[in-house]
Amino acid sequence: MTDVLARNDQADDVSARRAVPVDVEGLTVGVPGRDAPILGPIDLHLPAGARVLVTGPSGAGKTTLLHAVGGLLEEESHDLTGQVSTWGNDNVGLLQQEPIHSVVAATCGRDIAFGPENHRVPREEIWPIVEDSRRRARFTIPCGHSTTKMSGGQMQRLVIAGILATDPGLLLLDEPISMLDEESASAIRDEVAMMAHDRTVFVVDHHPDQWRGILDQVVELTDHGTLKRIWDFEDYLDSREPTEVPWHPATPGEAVARAVALDAHRPQSDDVLLRGVEMSARRGYVTVLSGPSGVGKSTLLRLLAGLDDPAAGELALPEPGHTAWVPQNPENYLVARTAADELFASPMVPENADLRDLVRTFGLKPILDSHPMTCSGGEKRRLAIAAALAQKPDLLLLDEPTVGLDDDRGASVLTAIRAAADSGVAVVVSSHDPQVIEMADEVVDVASYRDPDPTPEENPQGKPAFLTKINPLVVLLIAVAGIVGSLFVRSPLIGAIGLIPAVAMAPMCSRRVKPLAVRTVPVVIAAVMLVWTTLLLHSGFTNPAVWSEATRQGLRILVFVLPGALASAAADPTRFGDALAQQTHLPQRPVVASVAGVIRMGHLGDQWRVQSDVRRLRGMGPAYSLSSRVKYLSSMTFAMVLYAMRSSEVLSRAMDSRGFATATRRTYAVESRWRTRDLWGVALAVLVIAVPAIAAALLG
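Residues 66 to 765, numbered by the numbering used here, are exactly what the sequence shown covers, in order.
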């Protein structure tokens, strides 16, 4: 089939980046693994300045429609027909359903600045734009804070700040307030209302009443992805019937989990986030953890799941194998090749289990033969919760279980949660959803346990290490110097002397032991293994000459690799990309894309940890046998490859929506230039070569 995606690209001036018309004619979208199109045929003709709510059942294709309107669908991975006429994808502000997929930089400030950089905003104007966007999005985390160490709600506000900084003419917001507390959600709605005066706005949200007075039209899709009707907003609200939330008085049973005077660390940090938590998870009760985004609800859920150790206090948990946990991003829960297989993936689910009621309750029948990763966000969430319930746990932990669900599906999920509690399961839910809070038997205000100093420090370790402050190209020079220096290692003594600069530079790379250990221990192990292998191959355990040669080779490896391994602890991908683009004048687009890819690869460690946690709780961890461990590692590696492939596609979409697709030349928020202190780094690189070279000259 031939597909046409027509885009009318305009100049970069501000007037051209305001409200734009949207014309969609005969659009259909298909994806591999799904027999029928996931969207279409769709015909829409909306004038510039339209303010549209896109609604419909979970899996109706709402997100796909947003991406199509923005010209952001990858033709290589979609079967497209029809025509979409917009004003070019560099004029789009896109918030994706999972906000982590819209984060493109390593630090918060540079992530917000990414759009202005692509639009060639002068450097002196970028940071005032960043600060103004942070204020409007109610994003209070410092600019230097890592983008990986935030809650889902904080990431949502970060991405919205990045959208505000680009001043787009077409706003595409997919569940923009689903992970926010009411105060933050209200601020975002007010900001959207202000921007909607001279922009075209598309919002996907399953709670349309929250957008009264802001949006004026509703595009309703059927569960088959076709256009059902275009409504006047008020008429649509009048046509809706209220959804009842399942609730009835519950009698609490025994405590399945209990926290007493519990302190909790921040994720991957020694800082205390929560202090003195007192709560119980009781059979028959639905306990809801409430509080602003970033307050520590997900952190508390991980503690109750037994995945993290508390900083202090007492924590009583069920026996292993009796807890089910669905994280905030349901993709992290899904491991099988089809939705049907997913329900039986855990060995805790009997092979002959009758799960037809779960399939019916969660509306999973249409997707049973589909790969979970081809499903919509709402479908993934329903599938993950259904699979967790299939385990019949004693303790059920759910993180934002209604995000991405329409009213009917949301009510079905809440009914299933209520039924699980009635059957004797202790249910703990983290949520901002008023309907979830309304059905709770007990509400725990997590904010009341928050540590008095809730804002992350930009540099909690104090003064930064020396190599983190010098030009990244000098750090690269130090790594290359290690390679050259290793050529002079002709004896064990020269190798030992040659290691002195590397050992001396360790505190210059990081003031924390863990980053240094992570980088040096594997190198040391590799060197020791080389020595051991050499001794084995030459039967040299009693031969001094073989010992000398084996030791020389091991030390040579350390001189070769250690300077670069240590220097990598001080490496910042963003600063390195700035230096490559600004000082070596390499092509900007490949450099920026490579840096974004490196940053995203850094997420794989977190992804591995979460998926490993999920599999362990589902009883899918490795056994003690070698074959079991190999099979487990193969499965996890394949999952990481799939994540990386899908993540790269979604990241590309996020970057293109902020003007990267057409940014042949761009500005940079931070200037990269040579400074006097860089000479000390060059001197260190010279020492890395000179010390073994001089030792070789003197010792022969």
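Even glycine gets a Cβ: it sits at the ideal position worked out from N, Cα and C. Keep in mind the model is a prediction, meaning the values are calculated, not measured.
Pick from GLY121, ALA476, VAL490: whose alpha carbon is nearest that of ASP459?
The count along the sequence shown starts at 1 and reaches residue 459 at position 394. Minimum Cα distance to ASP459 is reached at VAL490.
Going by the DSSP bridge assignment, what does THR352 pair with across the sheet?
Your numbering for residue 352 matches position 287 in the sequence shown. THR352 is bridged to VAL493, GLU507.
Candidates ILE107, VAL169, HIS143, GLY105: closest to MET666 by CA position
Within the sequence shown, residue 666 is the residue found at index 601, counting from 1. When each option's Cα is compared against that of MET666, the closest is VAL169.
Using the three-state DSSP reduction, which class does PHE267 fall into: helix, strand or coil?
One-based indexing of the sequence shown puts residue 267 at position 202. DSSP places PHE267 in strand when its eight states are reduced to three.
List the DSSP bridge partners of ILE107.
To locate residue 107, count along the sequence shown from 1; it is residue 42. Answer by DSSP bridge pairing, in chain order: LEU92.
Give the DSSP-derived three-state secondary structure of ARG555 in the structure shown.
Your numbering for residue 555 matches position 490 in the sequence shown. The DSSP-derived three-state label of ARG555 is coil.
At the level of alpha carbons, what is the spacing between VAL87 and VAL284?
In the sequence shown, residue 87 corresponds to position 22, counting from 1. In the sequence shown, residue 284 corresponds to position 219, counting from 1. VAL87 and VAL284: Cα-Cα distance of roughly 13 Å.
Helix, strand or coil at ASN154 according to DSSP, with G and I counted as helix:
In the sequence shown, residue 154 corresponds to position 89, counting from 1. Since pLDDT at ASN154 reaches only 46, below the 50 mark, its modelled position is unreliable, and the value read off the structure follows with that caveat. Residue state, collapsed to three classes: helix.
Nonlocal neighbours in the same chain, by C-beta distance under 6 Å from GLN672, ignoring five residues either side:
Position 607 of the sequence shown holds residue 672. Non-local beta-carbon contacts of GLN672 in its own chain, meaning distances under 6 Å to residues more than five positions away in sequence, involve TYR708 in chain order.
Using three-state DSSP, classify VAL342 as helix, strand or coil.
On the sequence shown, position 277 is the one that residue 342 refers to. VAL342 falls in the strand class under three-state DSSP.
Quick one: grab the DSSP three-state call for THR231.
Translated into positions along the sequence shown, residue 231 becomes position 166. Helix.
What is the residue span of the beta strand (DSSP E) that ALA389 lies within?
The residue you call residue 389 lines up with position 324 of the sequence shown. Run containing ALA389: 388-391, per the beta strand (DSSP E) assignment.
Excluding the five sequence neighbours on either side, which residues of its own chain have a C-beta within less than 8 Å of the C-beta of LEU542, listed in chain order?
On the sequence shown, position 477 is the one that residue 542 refers to. Here the set comprises GLY746, VAL747, ALA750.
Helix, strand or coil, according to DSSP, for GLN282 in the structure here?
The residue given as residue 282 occupies position 217 in the sequence shown. Three-state result, GLN282: strand.
Decide if HIS143 is buried, meaning its Cβ has at least 16 other Cβ atoms within 10 Å, or exposed.
For the purposes of this step, residue 143 is identified with residue 78 of the sequence shown, where counting begins at 1. Under this definition HIS143 is a buried residue.
Measuring CB to CB, does GLN161 end up less than 9 Å from VAL715?
Locating residue 161 in the sequence shown gives position 96, counting from the first residue. Locating residue 715 in the sequence shown gives position 650, counting from the first residue. Yes, they are a contact pair.
Which same chain residues, not among the five before or five after GLU523, have their C-beta less than 8 Å away from its C-beta?
Residue 523 sits at position 458 when you count from the first residue of the sequence shown. Unreliable positioning characterises GLU523 in this predicted model, as indicated by a pLDDT of 44, which lies under 50. A coordinate reading is not provided.
If you draw a straight line from the C-alpha of HIS262 to the C-alpha of ALA113, how long is it?
Counted from its first residue, the sequence shown places residue 262 at position 197. Counted from its first residue, the sequence shown places residue 113 at position 48. HIS262 and ALA113: Cα-Cα distance of roughly 11 Å.
Among ALA561, SER633, THR120, ARG683, which residue has its Cα nearest to the Cα of ALA582?
Locating residue 582 in the sequence shown gives position 517, counting from the first residue. When only C-alpha atoms are compared, the closest one is SER633.
Less than 9 Å separating the beta-carbons of GLN282 and ALA115?
For the purposes of this step, residue 282 is identified with residue 217 of the sequence shown, where counting begins at 1. For the purposes of this step, residue 115 is identified with residue 50 of the sequence shown, where counting begins at 1. It is a contact, given that the beta carbons lie within the stated cut-off.
When you compare only the Cα positions, how much space is there between ALA646 and PHE625?
Position 581 of the sequence shown, counted from the start, is the residue given in the question as residue 646. Position 560 of the sequence shown, counted from the start, is the residue given in the question as residue 625. One C-alpha to the other measures close to 27 Å.
Residue from ARG515, SER435, ALA704, LEU470 with nearest C-alpha to GLN500
As a first step, residue 500 is located in the sequence shown; it is residue number 435 there, counting from the start. It is LEU470 whose Cα lies nearest to the Cα of GLN500.
Output the distance between the C-alpha atoms of ASP336 and GLY371, rounded to the nearest integer angstrom.
For the purposes of this step, residue 336 is taken as residue 271 along the sequence shown, with counting starting at 1. For the purposes of this step, residue 371 is taken as residue 306 along the sequence shown, with counting starting at 1. Approximately 19 Å between the Cα atoms of the pair.
Based on the DSSP output, what are the partners of GLU614 in its beta bridges?
Counting from one through the sequence shown, the residue named residue 614 turns up at place 549. GLU614 has no beta-bridge partner at all, per DSSP.
Residue nearest to ALA315 in terms of C-alpha spacing, selected from GLY158, ILE295, ARG348:
Indexing the sequence shown from 1 puts residue 315 at position 250. Measuring C-alpha to C-alpha distances from ALA315 to each of GLY158, ILE295, ARG348 identifies ARG348 as the nearest.
When the Cα of SER435 is compared with those of GLU140, ALA101, MET344, which residue comes out closest?
In the sequence shown, the residue the question calls residue 435 occupies position 370. Among GLU140, ALA101, MET344, the Cα nearest to that of SER435 belongs to ALA101.
Within a Cβ cutoff of 7 Å, which residues of the same chain sit near ARG331, ignoring the five residues on either side of it in sequence?
For the purposes of this step, residue 331 is identified with residue 266 of the sequence shown, where counting begins at 1. If we look at ARG331 and ignore the five residues flanking it on each side, its Cβ neighbours are LEU338.
Identify every run of the alpha helix (DSSP H) within the segment 527-610, keeping only runs that are complete inside it and at least 4 residues long; order them along the chain.
Runs found: 537-551, 557-563, 565-574, 578-602.
Best match in ALA178, PRO357, PRO187, PRO273 for proximity to MET215 [C-alpha to C-alpha]
Counted from its first residue, the sequence shown places residue 215 at position 150. For MET215, the nearest C-alpha among the options comes from PRO357.
Taking only three categories from DSSP, how would you classify LEU470?
Counting from one through the sequence shown, the residue named residue 470 turns up at place 405. When secondary structure is reduced to three states using DSSP, LEU470 falls in the coil class, being assigned neither helix nor strand.
By Cβ distance, which residues of its chain are closer than 8 Å to PRO241, with the 5 residues on each side in sequence left out?
Position 176 of the sequence shown, counted from the start, is the residue given in the question as residue 241. Hits under 8 Å: LEU160, GLN221, ILE225, ILE253, VAL257, VAL268, ASP270.
What whole-angstrom Cβ distance do ILE502 and VAL508 have, given they're in contact under 8 Å?
For the purposes of this step, residue 502 is taken as residue 437 along the sequence shown, with counting starting at 1. For the purposes of this step, residue 508 is taken as residue 443 along the sequence shown, with counting starting at 1. So it is a contact: roughly 6 Å between Cβ atoms.
Contact set for ARG474: own chain, Cβ-Cβ below 7 Å, skip 5 residues either direction
Position 409 of the sequence shown, counted from the start, is the residue given in the question as residue 474. Answer for ARG474: PRO122, SER123, GLY428, GLY443, ARG447, listed in chain order.
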